[in-house]
Each structure stands twice: as C-alpha cells, then as structure tokens.
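Working notes, structure below.
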Amino acid sequence: MSGIYKSDAGADEIKRRYQELLRDWPVPAERVLVPTREGETFIVVSGPEDAPPVLLLHGSGSNTTMWRGDIASWAQHFRTYAIDIIGEPGGSAPSRPTLGSEDYALWLDDVLDGLGIASAAIIAASLGGWMALDYATRRPERVTRLALLCPGGLGRQTMGWLVKAVFLRMFGRWGVRRSARTVTGLDIPQAGPVLDDVVLTFSQFKPRTERLPVFSDDDLQRLTMPAVVIVGGRDVLFDSAETARRVQQCIPHATVHLLPDVGHAILGQTDSILAFLRG
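For what it's worth, this note's numbering labels the leading residue of the sequence shown as 62, then goes sequentially.
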C-alpha cells in the first residue's frame, strides 16, 4: 500500500477516476514521464512545440486535471507542461521531502532539465504556489513570470477550519462533502462535479499535515520577474489580506487581485492569466 493513500482499493479508485479525466483532456497532448532524484514525474504536455514554455503546478490533493478548463486557451499560445507534484494523487512518485528544504527545487531542476527547458513561466495554485515561490526564490534565473492562485507561504496559514472538518467527517460522505465545501469555498451548483472529485480524493488520500514554511521579506524581495497573485477574500486556509499586503510590500513587479467573495478554490481566471502571460 502506498503511504499517501488510506488503502490499496482507495488508491485504485482515485487512479481510475484520474485516467477518466485525462481521457477528456480537451486538446492534443503528450504524456511524459521524467526521471528525477525523487522518482518519476508525470507531465501532460500541450501546445505548439516552438511556443514559450509554461509550467503548471496544481494544489494539494489534486493533479494535472485541475487545469482542464484552462488548457485549451493557454495551449493556443504556449507550450504547457502540467506537472503532477510528487507526493500528490496523480501519476508522479509518492515521495514527500521535507518542506522548506532545497529538495523540491532540486526536483524541479531535474524536471526542467529532463524536458530540455532552461527557463519558463509558472502558473500555480495553493501548495503549487508555494513550490513556485520556493523555486523562484532559489532559481530566479529559471523563472520568467509567476501567476499564482491562493499561494501558500505568504499569509498566515489558518487551522480553525480543521476542527470543523474533523467534526464533519463523523457524518460520513455527507460530512466530507460539507467539509470540502468549507475548505474550497465552492457553494455554487456548477461546482458539483469539482466537489465530487474532491470528496473522492480526500476520502481515500492522506494529505500533507505540515504547515507550509513562510517566506521571509528578504526571500520575496529577490523576485524580480513579473508576477500576478490572485487571492480570495473568503479563503479559510490562508490569510488573503496578509498575502496581498506582503506581495505589495515585498515583490517589486507584482500585481495583486483580491476577490472579496471567493474562497480558496479560485475559478474563472483563464483569460486574465493568459493576458498576463502574453505581457
């Protein structure tokens, strides 16, 4: 049994659903396995071969399929590399190095080198946003632009939601669904299929429990590439107001958008991120 799943049967169920979603990838794509020091990394590659490269890093408890609603637009203009983060419920190795060490930067070095990419823009969400910031502060020469959705490592990570989530789990699948709605902030009817996948994943998957390390002001001031940071005012995982303040104070070429009525899961930003990437 893999250490990141609760059971072999649960792992198989998540992987079956993952393959179903991959079959519905909306544009032509290559599936690539890149060997790294942390094990194989699975990547879905789309877009023209000669277009500028863009890396996509998903959030915790997710995988490359979170970008299915965006990729048709982005892949018209860029060579997109949707990367399954190691230790998450996708196609990459279950390895989970200690957060805050250089191990994740070294892993991404291996990924980029394996793909033959010297530098790239990065679009990332939540945990992926933390990894993008970690990489950009350690390897600024390899990151050309940053587009971050509800990134970790900037504002205070709040834990009050966890007590409610543990309580709700006592009520079975209904409770897990209520917990998923609390964490994601997705209350609209159209979000039903997304919530279904979140419930399936977190019923069978063991998420990381360590807090994300917070970047210092000095770390952030080293980021000289253009950046856009989009956060939700109703995010229950991270303090969005503090995130916005620190970005404005510490990252010289960054723009912040705080969406007051949005939770942790930020949808509908395809066009604004495309405009940012195209400069």
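Glycine residues also receive a C-beta, built at the ideal position from the N, C-alpha and C atoms. Bear in mind that the values here come from a model prediction, so they are computed numbers and not experimental data.
C-beta contact flag for residue i and residue j at 8 Å
i           : j           : result
residue 74  : residue 168 : no
residue 144 : residue 188 : no
residue 280 : residue 198 : yes
residue 313 : residue 160 : no
residue 395 : residue 297 : Any property of residue 395 remains undetermined from this structure, which presents the chain solely from 62 to 340.
residue 214 : residue 194 : yes
residue 122 : residue 149 : yes
residue 142 : residue 184 : no
residue 153 : residue 101 : yes
residue 155 : residue 64  : yes
residue 341 : residue 267 : This structure cannot settle anything about residue 341, because the visible part of the chain is limited to 62 through 340.
residue 190 : residue 212 : yes
residue 171 : residue 125 : no
Distance between beta carbons of residue j and residue i, contact taken as under 8 Å
i           : j           : result
residue 258 : residue 84  : Not quite, the Cβ-Cβ distance comes to about 15 Å (not below 8 Å), so this is no contact.
residue 192 : residue 165 : 6 Å
residue 88  : residue 133 : 5 Å
residue 173 : residue 146 : Actually they are not in contact, since the Cβ atoms of residue 173 and residue 146 sit about 14 Å apart, beyond 8 Å.
residue 207 : residue 286 : 6 Å
residue 269 : residue 218 : About 12 Å separates the two Cβ atoms, so there is no contact after all.
One or two residues paired with residue i in a DSSP bridge
i           : result
residue 263 : Bridge partners of residue 263: none, in fact.
residue 92  : 105
residue 140 : 114
Checklist entry - Fully enclosed by the region 151-209, which alpha helix (DSSP H) runs are 4 residues long or longer? => result Within the region 151-209, the alpha helix (DSSP H) runs of at least 4 residues that lie entirely inside it are, in chain order, 164-176 and 188-199.
Next on the checklist: I want to know whether the region 199-208 touches the region 297-309 - three or more CB-CB distances under 8 Å.
Outcome noted: They do not touch, by the three-pair rule.
Next on the checklist: Quick test of the definition: if touching needs 3 or more C-beta pairs under 8 Å, does the region 312-321 touch the region 292-300?
Outcome noted: As far as the Cβ criterion goes, the region 312-321 touches the region 292-300, which means the pair count is three or higher.
Checklist entry - Any chance the region 102-122 sits against the region 135-154, with 3 or more Cβ pairs inside 8 Å? => result For the pair of segments examined, the region 102-122 was found to touch the region 135-154: the number of CB pairs separated by less than 8 Å reaches three.
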